[in-house]
Every structure is written in structure tokens, then in C-alpha cells.
Amino acid sequence: MQPRHRYIALLAVISVLILVLGFIFRPAAPAPSKKRAPDLTVTRAELENLRELVRRNSLRNVAADFTTLASQVFAEIATIRPWGTYAVVMPDRTLTAAKPIDAVPQPITVTSGGSQPYATTNLLWVPGLPFATARVNLSNNDLSPSQFARSAPAQGSWLVLVSDGTTGPTLVSPGVFGGMAGVDCGPFLHRQLETTIPMNAGSIGAGVFDLFGGLQGVVVGCEESPAVIPILEMQQAIALASAPSVAILARYGMRIAASSAATRSAKSSILVTEVWTGWPADLAGINPGDTLVAVDGKTLSQMQDATAALTATAPAAHQLQLRRTTRISRVTLTPVDLTGTAAGPPPAIRAEPSGVRITQVAHGSSAEAAGLRSGDLILQIDGLPATSGRVQRLLSPYRVSRPMAVQLWRPGRRLLVWMQP
Amino acid sequence: MNELSSIALILLLSLLAGHLVKFIRVPEVTGYILAGIAVGPSVLGWINEQNLSSLSIFSEVALALILFSIGSIFEFRRFRQIGKMIVIITFTESALVLALVFAAALLLGQKWEIALLLGVVAMETGAASTLMVLREYNADGPLTQVITGAIAINNLVCLSCFLLLTSGLQLAGRMGMGNGASFYSTAYTVLWQLIGSAALGYLVGLLLAAWSTNVKEHGETLILLIGCVLLCVGLAVYFNLSTLVVSLVLGATTANLSAHTGRLSMVQSRTDPPFYAVFFVIAGAHLQLGLLKALGLLGLAYIIARAVGKFVGTRLGSRAAHTSTLVRSQLGPAVLAHAGLAIGLVLSLSRRFPQLGSELTTVVLGGILVYEVIGPISVRRVILRAGESHARVDQGMEVLE
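Structure follows, in C-alpha cells:
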């Protein structure tokens, strides 16, 4: 190694040492703490909203502001009787009840605030959705559609829980939004609301609003504890459930699809692709593979005709012409009766680790008719694991209105019982 | 205006301004700076403060490239010949500027701390604009070498003085910021900024020198050069080191250790004009014309005292160092430029000690505004008069070789 190279290397080593030592022995700087408290301040827009309220009503304190805010949204929450829960007036003038229902009582009355009750008819109801919607004839404008939140609330923004005073004391409680967590409460939609708002069984049925008056969610019961259905997801689900194919499935238990290539005729035809056992289509004798030729004497040429005819409300039953291979047959298709009537008290039940035990079955009830006996252990109901809340709900005073599968354990064997409407 | 279009505007405008100022026999740099003042927030406002802050990375890189090429003046062979002379001249000149500005500020009723700070900042000679003029006229010769060396030493001296002064004042608790500053942390700052920066610059310079032997192509050389310069700046910012010292030492190390300094500087001078154009237009845009009105008596005194200090100081220094009459008579006007480091120092002052008031900032920035226009013009005159300007060679001009 030449002397020059030795110096260069020595200098390099010294430089590295200087940098390392200098970095190690650097004086502790008063570093700005990175961990900041979560920002729980009311945003500027929220503040403006509150100021406006204060100015208008010369309110003294924030709690009063929240009350005022709540009073603005009262009219938008209605009560549906006899469900005893709250409904929300959707922007398209339908009512949505945020309660899982299994049968639709008739008639339905809707009240809001101190206004006159409204009679409603014609519900869109889809099994599996935890709520139902009803079309309302709103002759006057007492029931104004809810203003829906356009987006989910931001972390740390303020929310107000508002429940109508018609069934209990008016409840207005503000709190900070901390997020939503999934909660195991059936297959759909329920969320645990992380918030500083005190939530208890009394909050069920209330609406959760942001400070702009936008509805963020509706509080429902989830095994007796409150959970929230976010309004954004509810809207999506309703849009999905309103699809004609889903409506046909819910009414008749069958699925239809347009088919053009499979048949010899050049015209497209409507093919039955799926039939649920025990449902009206099955009972009418329709099989998968049948081609739908005409509904109520009207020949079908395209898919829209079929869905329009089958989802029309006027006739309770439809006369269908079907083609199976070369034979044309006529059947009568009666939709699922959504109108329930009470049929005896529900069976008495007791929750057990592996299911729900039926302790007593009333004479003449639908449960008895279905073949349930006391001592049976319900393992699954309607395709879902049996819990006492679910069983109670599904075997409610309203007669079971559609075929429902109940999996039982009767000492010695496993049974599948169909509860028929 | 978004970043890309503001860069485009800057580049095209600087080109246009560079063409235009040729007619009035003014260096391109002055054209760039004037264009910057024109489009900046203080006049037309085409480029706003937000654009300026997002373009600041360009300035950092351009300044580092400039200092890198200045640093190559510290090549042993050359520095042994002219080093002693340059050091004597620079120290004399700096000391005189400091004394004159300090005295002038004291006479005008400033507190002695502020007067001292003003004096130290006034010592600085603008490296970037001076060097750009030298490059534009492809200057080479004894005077050019002295000018480059003087600027390098001057910037180092100015930075050291500034660090020592602020640390001293901080320790003495003279500026309302004595609380919390221990002797260790202040002494550390000085040593770290000088020695630590030098160490970093040396190490990266070693990398550059070693690697440049294996890199032959123009493009590759450019990639290596830019990579090393960016590495220096990035690490300096990360470790809180002085970008100035790091880049200077990088240049010096490369010049001494690499056998390919010529190729490096050729590659650099062929590639970096866009950086410089952006750099000077941004520098101009930062200058606020409104400051001229606010300068007042103190500002005027600052400008005059500094000019006198530079003129007389270089003359005295040259006499003491027994230089040629050319250097003695012409060096003064060549080191008038005032920017770069001075802006950085003032900004760091106002950030660290906001209670010092905006007066100091106003005075220095106003002085810079004046000197940035005058400085390059007078450098051009000096170079032309000394006959050290050479015709541009198309195939890569080698400014410092």
C-alpha cells in the first residue's frame, strides 16, 4: 500500500468515526411529540352549524344546541305500529323500518311526532334483510324525507343519538364517533358503533345523526344489545333487494333468466333456472328448465315482460303457461302471503349451549302444525344457527308466512322440519 | 400554477431574459434574477409562494452543484501556489467588512448583538452568481482562480464566524434564548456543522472518486455525479449538517483524489444549466422589491459599509500578500455579490430567534437585492477588463481546469 493510499484510508476511517460518534452523542433535541391526542374538536362546518342554531334560538349551552338539532330531525323519524320501532322516511317516500321482521302485519300505521297516523300498504320485504320498506301515500308533507348522510362520519366527528318521544322519553345524546366494528348478529349489515354516546337497550329504534342533520344509521337490537345499521349500507341493500329478480325469488321461490341460444326458436325465451323446495313455484309444479311462455294470458317476448308481470301487485295469483319439452302446461302461481295473522302463542323455549330447547308447544299453534314437540332442540332455523333471540323472532305471534327450514335434534335423530305457511 | 408548468415558465423565461440582457451587456445571471423578480410574488405573481416552496428542492441541488465546483479549487497542487495569498486576502477583507458594518450599525443605534450579526452576514460573498458569470464568460486565469478561491474561503469563514457568534450569544443568554441551551449542545452544533460536515463530504467524495474510475460514459458520469451530490445534500439535511461545507468538501475531495476531475466538471457544466436557471429565477422571485423602500438609513449604511469593506479589504489584503497589481485593483468589485449563504443565515436567524425582529432580515434581504443585481455586472466587467474571458468551446467547457 502506498503511503498516499494509507492517508486516504486513515482519513476515511476518521471521518466515519466522527460521523458515528457525532450522531451517537448528539444532544437530545426537544423533539416534538409525535403522539398527539386525537382531534376531538368540532370541525369548522360543524361549528358553523351549531352557531347558526344558537343564533336562531339563542340557546345557552351545547346540550340545548343538540336538542334543537334533534328537534329538526324528529319529523323524519316515524313510528310504525304495531312493530313499535322506528322507521325512516327514505328519499323516495318509502318507509324503512329498521327491524328484522318475518311477517307483515296489516294494516300498518305510521305516526310521526304528534301527527296523524298514516295507513300504508305494499311492503317491499325480502327474507334475510333485517328491515322492510313500505310505500306511503304522503298526501301532506308532514313526513318529510330524511336527509341522508352522503358519506360515513369522519373519525372524531360528533354524532347525535335521537329517539322519538312517542314511545318513551325523548333521548338526545351527543358523542364522538370512533369507528364501526363488525358484529356477529346475523349475516347482514349490523355494526357495533364505537362512540362516547351511551348506548343501551333504550337506544334501540333511535337514529344516529351527524351535526348536519344527516342520518348516519339506525339503532337496532342485536341479541338485546344495541347495534347500528349504517344508512349507506341500508340504501345499497334496498337497491339490491328492489331488483326484480330478487323480488320474484322472494315471492315465489324461483329464479328466471333470459335464454336465447338454448332453444330452437330464434326468439329469446324465459327459462326457470332455480326453484326452492316448498315455495310457491315448487307447489305450483314448476321445475327448473321449464320455459315461461305467458303470464295471465299475455305472451312473453322478453325478460322485462316477465318481471313486470310477476312483480305487479294487482292479482294475488298468476296464471302461467309453461313449456316443458314440447308440452304446454298451465299452472297457477300464488305468491307468498306476506300478511300474517296470529296463530297461537309461540312455543316456550330455553337457551342451551348447543341450541334452543323447546319446552312447551301450545295446542293449535303453527309450531305444533309444523310438527315441533316439546323437548326438541332447535339447531338451525332458516339456515342460521339457532339463538333464543332468533327463534323467538322467527316463531313470533305472526304466523310463519313462508316455508322455513328448522333443523331439530330429537333424541336419537336429526330432523329437518318445514314450517309451512 | 402547478409545479411542472411553473418550472417550464421559469426555464423559458430565463432563456428569454438571458437573450435580452445580452443587448445591454449584462451577464445572464442578472437576467435570470430580474426575470425572477418580475414573475415572483412581489411583481407579477405568476409564481406564488407555494410554487416557490415546492421548487426549493431545485435550489438545494443547484446550490450544492455550484459549491461542488467551487470546492475543486482546493486541489493541493493549485492551492499550494495560491492558498496562502487567498487566505490572507479573504481574512483581511472579511475582517474589514465585519468591522465597518458593525461600526455603522452601532453608530445608527443598534444593539451590539444585532450589529455584530449584521457584520458577520455582510462578510459573505455570493458564490453562485459570481461563479455563473465566470462560467458564462468561460473565464480562466490568475484572477479567476483567486476569485474562486476567495469565495470558497470566504464562505467557510463566514459560516464559521456565524456559528461561533450565534453559539456565543446563545451561551451568554444575550438574545433571550439562553434558556435550555447547554454549553454542550451549543459547542456540539458548531463542531458538528463544521467537522461532521467535512467528514461526510470526504466520505461521499471518496465514493465519487473511486467510482469515477470505472465510469466512462457521459451519461453514467452524470448519473454518478448527481447521485453523489444528492446523497450529500440528503444526508446533510438528515443529519442536520451544513450543506455548504459538505458540498465544498465533496468538491475538494474529488478534485484531489479523482483522476477524472476534468471529465466530471465537463459533464457537470454541460448538464446543469437548467438547474441554475431555475435556481436564479427562484432566487430572484424570493427577492421582494418592496424591501427597497423599507431599507432606511440602516440598510443604506449596510450596503455602503459592505462595499467599502470589500474594496478596501481586498486591496489591503492583496498588498499584504504581495499579489499582482491586477488582483489588487480588480478583486474588490469581483467579490461584491451577496446572496446564497447570507439568505440562509438570515432565515435561520429569524427562525431561531424570532424576537430579534424583522429589521435585521429586512436590511440583509434588501442589501442582497441590491448586490445581486450589481454583483454579477461588476464581475463581468472585471473579467472582461482582465482579459480572462475566453470564447465558448462547444465541446464541453472546462471552467475550473
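So the sequence lines, in the order shown, correspond to chains A and B.
Numbers 0 to 420, taken from numbering that gives the first Met the number 0, label the letters of the first sequence in order.
Numbers 0 to 400, taken from numbering that gives the first Met the number 0, label the letters of the second sequence in order.
In this text, a Cβ means the ideal position worked out from N, Cα and C, and glycines have one as well.
Item to check | Interface residues of chain B facing A/PHE22 [CB-CB closer than 7 Å] | outcome: For this step, residue 22 of chain A is matched to residue 23 along the first sequence. By Cβ distance, chain B contributes PHE238.
Checklist entry - How about B/LEU405 and B/ILE303: do their beta carbons lie closer than 7 Å? => result This structure does not reach residue 405 of chain B, given that chain B is present from 0 up to 400, and the question cannot be answered.
Item to check | Residue span of the beta strand (DSSP E) that contains A/SER328, given as start and end | outcome: Reading the first sequence from its first residue, position 329 is the one you call residue 328 of chain A. Here the beta strand (DSSP E) through A/SER328 covers 326-332.
Next on the checklist: Let's test the definition: count the other Cβ atoms within 10 Å of the Cβ of B/GLY17 and tell me whether it reaches 16, buried, or not, exposed.
Outcome noted: Here the question's residue 17 of chain B lines up with position 18 in the second sequence. Under this definition B/GLY17 is a buried residue.
Checklist entry - Hey, how far is the Cα of B/GLU59 from the Cα of B/SER328? => result The sequence position of residue 59 of chain B within the second sequence is 60, counting from 1. The sequence position of residue 328 of chain B within the second sequence is 329, counting from 1. Rounded to whole angstroms, the gap between the alpha carbons of B/GLU59 and B/SER328 is 34 Å.
Item to check | Continuous alpha helix (DSSP H) stretch holding A/ARG322: start and end | outcome: Within the first sequence, residue 322 of chain A is the residue found at index 323, counting from 1. For A/ARG322, there is no enclosing alpha helix (DSSP H); the enclosing beta strand (DSSP E) covers residues 317-323.
Checklist entry - Identify the residues that DSSP records as bridge partners of A/THR298: which are they? => result Here residue 298 of chain A refers to the residue found at position 299 when the first sequence is read from its first residue. According to DSSP, A/THR298 bridges with A/ALA293.
Checklist entry - Quick one: which chain A residues come within Cβ less than 7 Å of B/ALA198? => result Residue 198 of chain B sits at position 199 when you count from the first residue of the second sequence. Chain A residues near B/ALA198: SER14, ILE17, LEU18.
Next on the checklist: What residue range does the beta strand (DSSP E) around B/PHE67 cover?
Outcome noted: By one-based count along the second sequence, residue 67 of chain B stands at place 68. In the DSSP assignment, B/PHE67 falls outside any beta strand (DSSP E) and lies within the alpha helix (DSSP H) extending over 55-70.
Checklist entry - Do we get a CB-CB distance below 7 Å when we pair B/GLY195 with the residues of chain A? => result As a position in the second sequence, residue 195 of chain B is number 196, starting the count at 1. It does; some Cβ of chain A falls within 7 Å.
Item to check | beta strand (DSSP E) segment containing A/GLY288, residue limits | outcome: On the first sequence, residue 288 of chain A is found 289 positions in, with the first residue counted as 1. From DSSP, A/GLY288 is part of no beta strand (DSSP E); its letter is neither H nor E.
Item to check | Under 8 Å by beta carbon: chain A residues contacting B/LEU202 | outcome: Locating residue 202 of chain B in the second sequence gives position 203, counting from the first residue. ALA11, SER14, VAL15, LEU18, listed in chain order.
Next on the checklist: Can you tell me where the beta strand (DSSP E) holding A/TRP417 begins and where it ends?
Outcome noted: Along the first sequence, read from residue 1 onward, the residue named residue 417 of chain A stands at position 418. Here the beta strand (DSSP E) through A/TRP417 covers 412-418.
Checklist entry - What in chain A is Cβ-close to B/SER166, meaning under 9 Å? => result Walking along the second sequence from the start, residue 166 of chain B turns up at place 167. What B/SER166 touches in chain A: nothing, since even the nearest Cβ is about 12 Å away.
Next on the checklist: Taking the beta strand (DSSP E) that A/GLN379 belongs to, which residues open and close that run?
Outcome noted: By 1-based counting over the first sequence, the position of residue 379 of chain A is 380. Run containing A/GLN379: 376-380, per the beta strand (DSSP E) assignment.
Item to check | Selected residue, minimal CA-CA separation from B/HIS285, among B/LEU43, B/VAL120, B/LEU19 | outcome: Numbered from its first residue, the second sequence carries residue 285 of chain B at position 286. Of the candidates B/LEU43, B/VAL120, B/LEU19, the one whose C-alpha sits nearest the C-alpha of B/HIS285 is B/LEU43.
Checklist entry - Alpha carbon to alpha carbon, how far is B/GLY312 from B/LEU163? => result Counting from 1 along the second sequence, the entry for residue 312 of chain B is found at position 313. Counting from 1 along the second sequence, the entry for residue 163 of chain B is found at position 164. Each residue's Cα considered, the two are about 22 Å apart.
Checklist entry - Closest Cβ-Cβ distance between B/TRP191 and chain A: below 7 Å? => result Taking the second sequence and counting its residues from 1, one reaches residue 191 of chain B at position 192. Closer than 7 Å: yes.
Checklist entry - Cβ of A/ALA8 less than 7 Å from any chain B Cβ? => result As a position in the first sequence, residue 8 of chain A is number 9, starting the count at 1. Taking Cβ atoms only, chain B never reaches closer than 7 Å to A/ALA8, which makes this a no.
Item to check | Members of the segment 228-260 of chain B that neighbour chain A once the beta carbon cut-off is set at 7 Å | outcome: PHE238, LEU256
Next on the checklist: Taking only three categories from DSSP, how would you classify B/VAL345?
Outcome noted: On the second sequence, position 346 is the one that residue 345 of chain B refers to. B/VAL345 falls in the helix class under three-state DSSP.
Next on the checklist: At a cut-off of 6 Å, would you count B/THR188 as near the ligand ZN, judging by its Cβ distance to the nearest heavy atom?
Outcome noted: You won't find the ligand ZN in this model; it holds no ligand whatsoever.
Checklist entry - To the nearest whole angstrom, what separates the beta carbons of A/LEU332 and A/PRO287, a pair I think is in contact under 8 Å? => result Here the question's residue 332 of chain A lines up with position 333 in the first sequence. Here the question's residue 287 of chain A lines up with position 288 in the first sequence. Wrong, their Cβ atoms sit about 15 Å apart, outside the cutoff.
Item to check | Test: A/PRO26 CB closer than 7 Å to a CB of chain B | outcome: Your numbering for residue 26 of chain A matches position 27 in the first sequence. At least one chain B Cβ lies under 7 Å of A/PRO26.
Next on the checklist: I believe B/PHE67 touches B/GLY250 by the beta-carbon criterion, under 8 Å. Please report the beta-carbon distance rounded to the nearest angstrom.
Outcome noted: In the second sequence, the residue the question calls residue 67 of chain B occupies position 68. In the second sequence, the residue the question calls residue 250 of chain B occupies position 251. The pair is a contact, with the Cβ atoms about 4 Å apart (cut-off 8 Å).
Item to check | Selected residue, minimal CA-CA separation from B/THR89, among B/LEU368, B/ALA320, B/ALA102 | outcome: Taking the first residue of the second sequence as position 1, residue 89 of chain B is located at position 90. Looking at the Cα atoms, B/ALA320 is the closest of the given residues.
Checklist entry - Between which two residues does the alpha helix (DSSP H) containing B/GLY82 stretch? => result For the purposes of this step, residue 82 of chain B is identified with residue 83 of the second sequence, where counting begins at 1. Looking at the DSSP string, the run of the alpha helix (DSSP H) that includes B/GLY82 is 75-106.
Checklist entry - Which value, in whole angstroms, describes the spacing of the CA atoms of B/LEU51 and B/PHE279? => result The residue you call residue 51 of chain B lines up with position 52 of the second sequence. The residue you call residue 279 of chain B lines up with position 280 of the second sequence. Between B/LEU51 and B/PHE279, the C-alpha separation is close to 12 Å.
Item to check | Span of the beta strand (DSSP E) around A/LEU407 | outcome: To locate residue 407 of chain A, count along the first sequence from 1; it is residue 408. 403-409 is the span of the beta strand (DSSP E), which, as asked, contains A/LEU407.
Checklist entry - Looking only at C-alpha atoms, which of B/SER159, B/VAL20, B/VAL245 sits nearest to B/VAL372? => result Within the second sequence, residue 372 of chain B is the residue found at index 373, counting from 1. That would be B/VAL20, whose Cα lies nearest to the Cα of B/VAL372.
Next on the checklist: For A/LEU159 and A/GLY178, what's the separation of their Cα atoms in angstroms?
Outcome noted: Stepping through the first sequence from its first residue, residue 159 of chain A is reached at position 160. Stepping through the first sequence from its first residue, residue 178 of chain A is reached at position 179. Before going further, note that residue 159 of chain A is Val rather than Leu in the sequence given. Taking the straight line from one Cα to the other gives about 14 Å.
Next on the checklist: So, for A/MET403: in the same chain, excluding its five sequence neighbours on each side, which residues have a beta-carbon less than 6 Å away from its beta-carbon?
Outcome noted: Along the first sequence, read from residue 1 onward, the residue named residue 403 of chain A stands at position 404. Excluding residues within five positions, the ones whose Cβ falls inside 6 Å are ASP381, MET418.
Next on the checklist: Can you find the residues in the same chain that come closer than 7 Å, C-beta to C-beta, to B/ALA114, ignoring five residues on each side of it along the sequence?
Outcome noted: Position 115 of the second sequence holds residue 114 of chain B. The answer, listed in chain order, is PHE101, ALA104, LEU105.
Next on the checklist: To the nearest angstrom, how far is the alpha carbon of A/GLY411 from that of A/GLY252?
Outcome noted: The count along the first sequence starts at 1 and reaches residue 411 of chain A at position 412. The count along the first sequence starts at 1 and reaches residue 252 of chain A at position 253. Cα-Cα distance, rounded: 32 Å.
Next on the checklist: Below 8 Å on the Cβ atoms is my contact criterion, and I expect B/TYR187 with A/PRO26 to pass it. Report the Cβ-Cβ distance as a whole number of Å.
Outcome noted: As a position in the second sequence, residue 187 of chain B is number 188, starting the count at 1. As a position in the first sequence, residue 26 of chain A is number 27, starting the count at 1. Between A/PRO26 and B/TYR187 the Cβ distance is about 5 Å, and since that is below 8 Å, they are a contact.
Next on the checklist: Among A/ARG5, A/GLN235, A/SER300, A/ALA283, whose alpha-carbon lies nearest the alpha-carbon of A/ALA257?
Outcome noted: For this step, residue 257 of chain A is matched to residue 258 along the first sequence. Nearest option by C-alpha distance: A/SER300.
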